[in-house]
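Residue numbers (the working numbering): 774 to 869.
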């Protein structure tokens, strides 16, 4: 994962941690008909407010094997209060 912060995105210095969560340890299970097919990342602390948009770049494991690319939909969600919220998701091929 890469976190891209524009200048002056925060009021004061903040330390973020990024940890991998195993599928079976995730507090919230996939929605009916959905499966976890890639890594689940936990970025903490929760509740940090940014003054400008911050970009989180994640690689999706399905793109490593192009055979399965047409079978999966990439969805990025935020887990808050044991509920999933959809986040804006874009597919890019490289960091500019």
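Ideal placement from N, C-alpha and C gives every residue a C-beta, glycine not left out. As the structure is a computational prediction, the values presented were derived from the model and not from experiment.
- Residue range 856-859 is occupied by the beta strand (DSSP E) that includes residue 858.
- Per the C-alpha coordinates, the member of 796, 831, 826 and 852 positioned closest to residue 817 is 852.
- Cβ-Cβ distances below 6 Å link residue 774 to 791, 814 and 831 in the same chain, with the five nearest sequence neighbours on each side left out; the list follows chain order.
- As computed with DSSP, residue 814 is found in a beta bridge with 793.
- With fewer than three CB-CB distances shorter than 8 Å, the stretch 793-800 does not count as touching the stretch 819-831.
- For residue 777, the enclosing beta strand (DSSP E) begins and ends at 775-777.
- Of the candidates 804, 777, 862 and 789, 804 places its Cα closest to the Cα of residue 856.
- In this structure, the straight-line span from the alpha carbon of residue 807 to that of residue 777 is close to 29 Å.
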